[in-house]
Each structure stands twice: as structure tokens, then as C-alpha cells.
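Here is the structure we will look at, set down as C-alpha cells.
Protein chains: 2
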Amino acid sequence: MVGLEISKKSDSDSIKNNRLSDAVINLDQGDPTAFQEYWMKMKDRCTVVIPGWDMMSYFSNTTDVCWFLEPELAKAIKALHGAIGNAATEERYIVVGTGSSQLCQAALFALSSLSEVKPVSIVAATPYYSTYVEEASYLQSKLYKWEGDARTFDKNGPYIEMMTSPNNPDGTIREPVVNRSGKVIHDFAYYWPHYTPITRRQDHDLMLFTFSKITGHAGSRIGWALVKDIEVAKRMVQYLTINSIGVSKESQTRATTILNEITKICRNKSESFFEYGFEKMKSRWERLREVVDSGDTFTLPNYPQAFCNFFGKSISNSPAFAWLGCKEERDLGSLLKENKVLTRGGDRCGCDKKYVRVSMLSRDDDFDIFLHRLATIKDLKCIKP
Amino acid sequence: MVGLEISKKSDSDSIKNNRLSDAVINLDQGDPTAFQEYWMKMKDRCTVVIPGWDMMSYFSNTTDVCWFLEPELAKAIKALHGAIGNAATEERYIVVGTGSSQLCQAALFALSSLSEVKPVSIVAATPYYSTYVEEASYLQSKLYKWEGDARTFDKNGPYIEMMTSPNNPDGTIREPVVNRSGKVIHDFAYYWPHYTPITRRQDHDLMLFTFSKITGHAGSRIGWALVKDIEVAKRMVQYLTINSIGVSKESQTRATTILNEITKICRNKSESFFEYGFEKMKSRWERLREVVDSGDTFTLPNYPQAFCNFFGKSISNSPAFAWLGCKEERDLGSLLKENKVLTRGGDRCGCDKKYVRVSMLSRDDDFDIFLHRLATIKDLKCIKP
Ligand SMILES: Cc1ncc(COP(=O)(O)O)c(C=O)c1O
Ligand SMILES: Cc1ncc(COP(=O)(O)O)c(C=O)c1O
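If you read the sequences in order, they're chains A and B. The numbering of the first sequence is this note's numbering, which starts it at 994 and goes up by one. The numbering of the second sequence is this note's numbering, which starts it at 994 and goes up by one.
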């Protein structure tokens, strides 16, 4: 039985922490360690035991298009989407990846190698998840080419739009913006009820999800794609076969156990991971907004409320990242760095340096220190050019 | 306590199997399921238990160049190489990968992106591991270009030679052949005493190893690189960061447990995995040679004996693949396929179709059926154009 007590450190506690610790706080990456306390309370309910002789083969199911996908994981994924109501899984192929990062690249390969004209342009509306730039550029492929902001994209020819909703870094709900007859990769890493209202059952050609951002198990490196077109699925599997001959069976097994458990208890108020996660994120956002609103230095986006089909009530977004801005023109990333808080500069997301992306998924201690340091900057009114 | 009884099915057993089973035998991939019987006998000695709250972070050790490498795995790798004496690990960076497949591509990225002139030529002496062609070609990178057989390579400019020893597919002991001032990736997937005499402690700039082919745990997708140059190691880590944000922690933990165990008992005659593996491979090779030598249809390479520093005696190679040839000019892959045995055609390895690569690492049943079908082809003297 998991209680939903969210640890809200008192101010004096966090000040003590801050005094004790002069350490740099890294909120650049979105390492989802915030949820570990939930799993600690679950004790050994999701423990997996793997004997030495198990899972030795490269193959999981030679009759599946995705031959390295464990059939039990496929079932667990379908059951979870069914219970949450966030995505359609019927008449789709599931492709498992070493995180959704690998799947994003598998999708770029699949869609571009099936295109008659190459290179295919890759675009995303700013501010975008900065990693897309790296994923589309590092190997200098002749198949595709990073073309930057989708809003100003005006080239002819085939394109792929990376569409992230809720968006990383700014938490907004998005639709594709190019709207010609190109391809869209729907990255739904954060389309789960602890981050955002589930307003519809998504039903697109190519949707990406990641275990990392649902339950916080980023170390397992498990993501999946729901793919309508068998030719696209086959090419993605070809990519994963050449790139890494499939995906860790140990991680797939553990993900199966954990996803099955959160599905089973998702309607149990006192135990549900999503209830816990929702309260946790909401409380962090309230505390952050309190600090920001109590001064005249920083900005945060405002999110409209919407009816969440999963919770059956109207809720707001509590994104995994805060898109923190600065009212004056200033390099906010450098300012925060001077104050020993590492964040991702807005310039890396195709935007201005007066914005930074701050992870909201750190451990409680780090989050407390972050709020305290933010409050200090604000108090000092040190925002001078 | 693991007994070293190698199951040698009697002829009548395998004929019965063959009659019972009309199934296609897949010896195309090198799926190392042969060793599972050893792990069954080990019972729960290498069982790993992973609680739900463990291994959640993307990070393993932020002070290591390879920040996603579990420190315990690094120790286990060093201890194993130390005990076997097959490779130097001092003054080297360890980079872990999702199989050595991913590391091979990380190495191509690292070496070519550090080269002033691009694309860098990628070569390998025929017959080569066919996957290198795919790895170097599928993304149509501008960084490197597959140029085929290393022996006929005469282009100027930077190159990377893929050097596999013992070689996949033909089991020969190799040295680089281009011998200009290019880079060499030493793929030592099979440089372990159950496959080949350990004649020296390898000590090169960039060496690849894989968990898959040591103990047979291919499903875990764990490989590692031993890298001398920190700049190369850093670029490999950059590749792995973008490609999949590191490597499954569950797999790393399980590999740690299993590698530590085989190291601990490697000198214990009755328990050692390497003693077991050596006897197993030797016995399979003897049985295969018996079938081949009893007719005038097929050929196999001959391997010289050499003194193995690990076993302290002179032994021969027992490669993980048989490089089976056909005395007449003929498409051997098609012939075997007609007889319901799938193999990899020599043409895919840059050679003639009169050769095929046959996995020697299948389960006992499949190996028995393979030998039986081979004997049948030979008896029928059906090698007619
Ligand atoms: C929008 C988005 N997509 C994909 C990923 C990749 O996640 P993973 O590779 O851990 O599955 C992330 C991680 O931060 C993300 O924010
Ligand atoms: C020579 C060689 N290198 C690398 C690999 C890749 O192994 P893995 O990706 O399973 O580590 C193989 C597998 O067959 C191989 O034969």
C-alpha cells in the first residue's frame, strides 16, 4: 500500500540544505528521479528476478514484425494505453527501442528511406526538444537534413515534422504546423495524466512513447512506437536490427512488470502511480509559481485548464520542464549557472537566451535548493545587464 | 556444481528428430543458444534480483568519461580480461554499448568525425562479417563510406579497417592488411579460449568485445570497447548519448553478475564456463568434420594448433561459425535451403556463393538435425549444376 504523502520540505529545511550544500544542481537533463520515492514505497511489489539461463537469445518472437519485442511487453503496452485512454493501439505495429531516442532515429530512417526524393527536410516548431537537432544532424546522413523551425519552413519537397505534445521544453499542447502532405512523428513522451489532461485518444500514423517519463525508469532505456503502416514499421525494425540487433530483454521484462502494475492499480486512489505523480507535479508547480509570482524577475507560461478523461475532472498542465523566462533581456542560463543551477539555454531549443528549460523531475532535495536559489536571485534583484 | 557432460545425441536420436521435425533450421544468425544448458545447470547461481526503485536514473557515474557505464561492470570487465589474459585494460577507457554492434558504429562515428578529410573509407578483408557493410552504409553518412575488400583497397586518404580475429565468418586468425597509417578497429568478439587459443594479450588502440559471444547472453545486448585515446572515447560516448542516451542498466547489472561468476570459477576444471565451452565447441567441430570428411562434397578450413596461455596447452580453433564450402561450383546457400537449412551466403561476406557461413552456436537439437541433413545431401551426391 503506497500512501500519497508528497514530501513538502519546509523552508527552513531547504535553507539548511542550501547552506550545507554548495553543490551545483543539475537541472539541464530531464533525469526523472522525482518518482523514486513512490517506487521505494512500493517495496518489492515490482521486483523482477532473472535466472542466469533466461533471455539468452537475440530473438523474442520470430513471427512478429518486431522480432526482438517481448510479447508480454506488447500486451502490457496495449493494456496501459487502454486503461489511460491516451492512444489507440488497434491495427498498429509496436516497435520497441532503446529509449524513444533510438526510435526517433529509426523513424527518421524509415520515413526518409521510403521517400523518393532525398534528403528529406526535418523540422520542429520552436521552442523544440534540442536533442532532435543532434539526432537529425550528427551522422550527416544523405537521407535527411535538419531544417530548423517548422513555422518558417518554406522549402518544397518531402519533410518530416517532429511534433511534441505536451511540448518539451515549454509544456504547451501542440498540433503540427506545416500542414502540407508531409510526415509527422508524434512524440507523446509527456502525454500522461500526471503531466497533462488526457483530452483525447491520440490516433496518428507514428506515435512515440517512453517508459522513462511515465514511471521515471530512464535507466531501463525502453521506448515504443505505435506505427500504422507496416512498411514504416519494417524499416524501423531494420534500423534497430542494424543499429543494435534489438533491445535489452532484461529491460523489456522489467518494463513489463512495472507497466502491468501501474495499469492494475491506476484506478485505486491511494495507490495509483498517476494519482501520486499528478499530486507531486502539481505541488512542485504551485511552489515554483509562488516563487516566480512573488517577484518581478521571472516568467512562466500559463496553461489553460481542460477536462481530463482519465481523472474525470478539469485539471491544468504540470509539465516535466519549466520554461523559465526573464523579464529583462539577459542570458538567463548564465545567470542561473553563476548561482550554481545548470539548465538548458533557450538558444539550444531554437529560441532566445532569456529563456531556459529547467527539469521539474529532480529529487526533492535538488528541487528545494533550486527554489531557494531562485528566490535568492529574485530578492537580490541582480538582473542587471 | 556444474558437470561438463556435453550432450552428444546418438545418431538414431538425431534421425528420429529429423523425421519428427520437418522444420526449417535457421543457422543464418549466430544466435548463441548452445550455451544455455550450462546456465541451466548453474541453476540460480547467477540470478539477479532488481527492485522496482533501483536503476532509475539515466546516469551511472558522472565522473566517468562513459557516464552511463555502471562502475561495477567496468570492474567485472577488467577482472575477466585479467583472468583470461586476452586483452590489456590498463590506461584505457571502457565504453559500454547496446551490443558491440552499436559500439562499432560509435567507433566509425568517432574516428571519422575526428578525421580532417571526409568521407573516411571503411574496409575489411574478405570474407568479412557481412553486418559491417550494413553498419557502414545504411544511413548514407557523409562521414564515412564502405569501400569493400581491404586487400584490393588502393584509395588515398584516411581509412578505417575492420579487423576481426578470429574472423567471422571463416575462423582464421588475422592481422590488419592495409598497413598504412589508417585506423584499425579490432573486433575481438571471438577472442576467448572456448573458440581459439589465447596466444597473446591484445593491446591495440580500439578493441571491441561482446557479452553475446562469451557466455551466450545475446539477449542482454551488452558489448564494450577498450579505447586508448580519450578523444576517441569521448566521441564514442557522444554517439551513444545521442543514439540511445546510454545503455540498459538492468543488462549491465546482469552482465556484471555473470562475468564476475565466470571469472571466479574460470580455473575450476569442473565448473569453468571456458572448460565447458571449449569441450562443447571442440565436440561439435569433431562431429562436423566427421560428416564433411566422410564424403567428397564439402570443404572446411583447417586451423593450425597453437599454445593457449589460458589452458596451458596446445589447442586448435573451434570457431563460432563454420565456413562451409562446396567442391563444385554451385550456390551452396540455395542447396542447403532446399534441404531446409538456412545459412548466410558467401556473397554477403564479399566472397563466392560456393561458400556459406553456418552458425555453430545453435541448440543441440538443431545442430544434430543440421549434421543429419548435411550427411543426407552428401550421400545423395546431389551436387549437380
Ligand atoms: C520529448 C522527448 N522525446 C524523447 C525523449 C527521449 O526519452 P528516452 O530516450 O529516455 O526514451 C525525451 C527525453 O527527455 C523527450 O523529452
Ligand atoms: C564479429 C562480430 N562482431 C560483432 C558482433 C555483434 O555482436 P553484439 O551486437 O551481439 O554484441 C557479432 C555478432 O555476431 C560478430 O560476429
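From the three backbone atoms N, C-alpha and C, an ideal C-beta is built for every residue, glycine too. Treat the numbers as computed from the prediction; the structure is a model and nothing was measured.
- Message: Measuring CB atoms only, is the stretch 1038-1050 of chain B touching the stretch 1034-1042 of chain A, in the sense that at least three cross pairs come out at less than 8 Å?
- Response: yes
- For the beta strand (DSSP E) that contains GLY1090(B), what are its first and last residues? Position 97 of the second sequence, counted from the start, is the residue given in the question as residue 1090(B). Run containing GLY1090(B): 1086-1091, per the beta strand (DSSP E) assignment.
- Task: Kindly list, in the order they appear in chain A, the residues whose Cβ is closer than 7 Å to that of PHE1052(B).
- Result: One-based indexing of the second sequence puts residue 1052(B) at position 59. Neighbours of PHE1052(B) on chain A, chain order: ASP1024.
- Item | Element boundaries [alpha helix (DSSP H), containing TRP1278(B)] | Working through the second sequence from its first residue, we reach residue 1278(B) at position 285. That run of the alpha helix (DSSP H) goes 1266-1286.
- Pull up the distance between the alpha-carbon of ALA1313(A) and that of PRO1294(A), whole angstroms please. Sequence index remark: in the first sequence, residue 1313(A) carries index 320 (1-based). Sequence index remark: in the first sequence, residue 1294(A) carries index 301 (1-based). One C-alpha to the other measures close to 13 Å.
- Query: Within the 8 Å Cβ cut-off, does GLY1339(B) reach chain A?
  - Reply: Here residue 1339(B) refers to the residue found at position 346 of the second sequence. No, its Cβ sits nowhere closer than 8 Å to a Cβ of chain A.
- Decide if the stretch 1230-1237 of chain A is in contact with the stretch 1178-1197 of chain A; the criterion is three or more beta carbon pairs, one per stretch, under 8 Å apart. no
- Message: Within 8 Å of any Cβ in chain B, is that where the Cβ of GLY1209(A) sits?
- Response: As a working mapping, residue 1209(A) is identified with position 216 in the first sequence. Closer than 8 Å to some Cβ of chain B, the Cβ of GLY1209(A) qualifies, so yes.
- TYR1243(B) and SER1276(A) look like a contact to me (Cβ under 8 Å); what is the Cβ gap, rounded to whole Å? Numbered from its first residue, the second sequence carries residue 1243(B) at position 250. Numbered from its first residue, the first sequence carries residue 1276(A) at position 283. Checking the sequence, you will find Glu at residue 1243(B) rather than Tyr. GLU1243(B) to SER1276(A), Cβ: 31 Å. No contact.
- Residues of the stretch 1275-1290 of chain B with a CB closer than 8 Å to any CB of chain D: list them in chain order, please. Looking at the structure shown, chain D is missing, and the protein chains on hand are A and B.
- Beta-carbon contacts of SER1158(B) that lie in its chain and below 6 Å, excluding the five residues immediately before and after: In the second sequence, counting from the first residue as 1, residue 1158(B) sits at position 165. Around SER1158(B): ILE1166 and ARG1167.
- Query: Closest Cβ-Cβ distance between ASN1236(A) and chain B: below 8 Å?
  - Reply: Along the first sequence, read from residue 1 onward, the residue named residue 1236(A) stands at position 243. It does; some Cβ of chain B falls within 8 Å.
- Query: If contact means a Cβ-Cβ distance below 9 Å, which residues of the stretch 1088-1104 of chain A contact chain B?
  - Reply: GLY1090, THR1091, GLY1092, SER1094, GLN1095, GLN1098 and PHE1102
- Item | Pairwise C-alpha distance: THR1290(A) and ARG1323(A) | Here residue 1323(A) refers to the residue found at position 330 when the first sequence is read from its first residue. Here residue 1290(A) refers to the residue found at position 297 when the first sequence is read from its first residue. Computed Cα separation, rounded: 11 Å.
- Item | Supposed contact pair PHE1266(A) and THR1336(A) - C-beta distance, whole angstroms, cut 8 Å | Along the first sequence, read from residue 1 onward, the residue named residue 1336(A) stands at position 343. Along the first sequence, read from residue 1 onward, the residue named residue 1266(A) stands at position 273. Not confirmed; about 27 Å, so no contact.
- Thinking just about the alpha-carbon of each residue, which of VAL1170(A), THR1119(A), MET1156(A) and LYS1176(A) is nearest to the one in LYS1137(A)? The count along the first sequence starts at 1 and reaches residue 1137(A) at position 144. Note that residue 1137(A) is Tyr in the sequence shown, not Lys. Among VAL1170(A), THR1119(A), MET1156(A) and LYS1176(A), the Cα nearest to that of TYR1137(A) belongs to LYS1176(A).
- Task: Buried or exposed for GLY1150(B), please, with buried defined as at least 16 other CB atoms from any protein chain shown within 10 angstroms of its CB.
- Result: To locate residue 1150(B), count along the second sequence from 1; it is residue 157. By the neighbour-count rule (16 or more Cβ atoms within 10 Å), GLY1150(B) is not buried but exposed.
- Task: Go ahead and label VAL1017(B) buried or exposed: buried means 16 or more other beta carbons lie within 10 angstroms of its beta carbon, across all protein chains shown.
- Result: To locate residue 1017(B), count along the second sequence from 1; it is residue 24. When all chains shown are included, VAL1017(B) counts as exposed.
- Query: To the nearest angstrom, how far is it from the Cα of LEU1281(A) to the Cα of PHE1360(A)?
  - Reply: Indexing the first sequence from 1 puts residue 1281(A) at position 288. Indexing the first sequence from 1 puts residue 1360(A) at position 367. If I take the Cα positions, the gap works out to 9 Å.
- Item | Residues of the stretch 1034-1045 of chain A with Cβ closer than 7 Å to any Cβ of chain B, in chain order | MET1035, ASP1037, ARG1038, CYS1039, THR1040, VAL1041, VAL1042, ILE1043, PRO1044 and GLY1045
- Task: Examine the Cβ distances between the stretch 1117-1131 of chain B and the stretch 1113-1122 of chain A and report whether three or more of them are shorter than 8 Å.
- Result: no
- Message: Can you check whether the C-beta of LEU1136(A) is within less than 8 Å of a C-beta belonging to chain B?
- Response: Within the first sequence, numbered from 1, the residue matching residue 1136(A) stands at position 143. At least one chain B Cβ lies under 8 Å of LEU1136(A).
- If you compare alpha carbons, which of ARG1228(A), ALA1248(A), GLU1154(A) and THR1082(A) is closest to ARG1214(A)? Position 221 of the first sequence, counted from the start, is the residue given in the question as residue 1214(A). Considering only alpha carbons, the answer is ALA1248(A).
- Message: Judging by CA-CA distance, which residue of TRP1278(A), LYS1221(A), ARG1228(A) and CYS1344(A) is the nearest neighbour of SER1108(A)?
- Response: Within the first sequence, the letter at position 115 stands for residue 1108(A). The shortest C-alpha separation from SER1108(A) is found at ARG1228(A).
- Task: Measure the alpha-carbon distance for LYS1034(B) versus LEU1066(B) and round it to whole angstroms.
- Result: As a working mapping, residue 1034(B) is identified with position 41 in the second sequence. As a working mapping, residue 1066(B) is identified with position 73 in the second sequence. Rounded to whole angstroms, LYS1034(B) to LEU1066(B) spans 24 Å at the Cα level.
- Query: Does the beta carbon of VAL1351(A) sit closer than 8 Å to a beta carbon anywhere in chain B?
  - Reply: What you label residue 1351(A) is simply residue 358 of the first sequence in a count that begins at 1. Answer no: the Cβ-Cβ gap between VAL1351(A) and chain B never drops below 8 Å.
- Select from ARG1341(A), PHE1061(A), LYS1346(A) and GLY1318(A) the residue whose C-alpha is nearest the C-alpha of LEU1367(A). The residue given as residue 1367(A) occupies position 374 in the first sequence. Closest option to LEU1367(A), Cα to Cα, is GLY1318(A).
- Counting along the chain, where does the beta strand (DSSP E) carrying LEU1201(B) start and finish? By one-based count along the second sequence, residue 1201(B) stands at place 208. LEU1201(B) -> beta strand (DSSP E) spans 1199-1203.
- Task: My understanding is that ASP1196(A) touches ALA1081(A), with C-beta atoms under 8 Å, so please give their C-beta distance in whole angstroms.
- Result: Residue 1196(A) sits at position 203 when you count from the first residue of the first sequence. Residue 1081(A) sits at position 88 when you count from the first residue of the first sequence. Contact flag correct, Cβ pair sits at about 4 Å.
- Query: What do you reckon, are the CB atoms on VAL1220(B) and TYR1086(B) nearer than 8 Å?
  - Reply: Taking the first residue of the second sequence as 1, we reach residue 1220(B) at position 227. Taking the first residue of the second sequence as 1, we reach residue 1086(B) at position 93. Contact flag set, yes.
- Whole alpha helix (DSSP H) runs in the stretch 1011-1082 of chain A with 4 or more residues, listed along the chain? 1029-1034 and 1064-1077
- Query: Counting along the chain, where does the alpha helix (DSSP H) carrying LEU1219(A) start and finish?
  - Reply: On the first sequence, position 226 is the one that residue 1219(A) refers to. Segment 1215-1220 is the beta strand (DSSP E) holding LEU1219(A); no alpha helix (DSSP H) there.
- Selection of the stretch 1237-1255 of chain A by Cβ proximity to chain B, strictly under 7 Å: SER1237, ILE1238, GLY1239, VAL1240, SER1241, LYS1242, GLU1243, SER1244, ARG1247 and ILE1251
- Message: By DSSP's criteria, ARG1350(B) is part of a beta bridge. Which residues make up the other side?
- Response: The residue labelled residue 1350(B) in the question sits at position 357 within the second sequence. In DSSP, ARG1350(B) forms a bridge with TRP1316(B) and ARG1337(B).
- Task: Count the other CB atoms, across all protein chains shown, that sit within 10 Å of the CB of ASN1261(A); report buried if there are 16 or more and exposed otherwise.
- Result: Reading the first sequence from its first residue, position 268 is the one you call residue 1261(A). So ASN1261(A) ends up on the exposed side.
- Report whether the distance from the Cβ of ALA1118(B) to the nearest heavy atom of ligand 2 is below 7 Å. Position 125 of the second sequence, counted from the start, is the residue given in the question as residue 1118(B). Every heavy atom of ligand 2 is 7 Å or more from the Cβ of ALA1118(B), so no.
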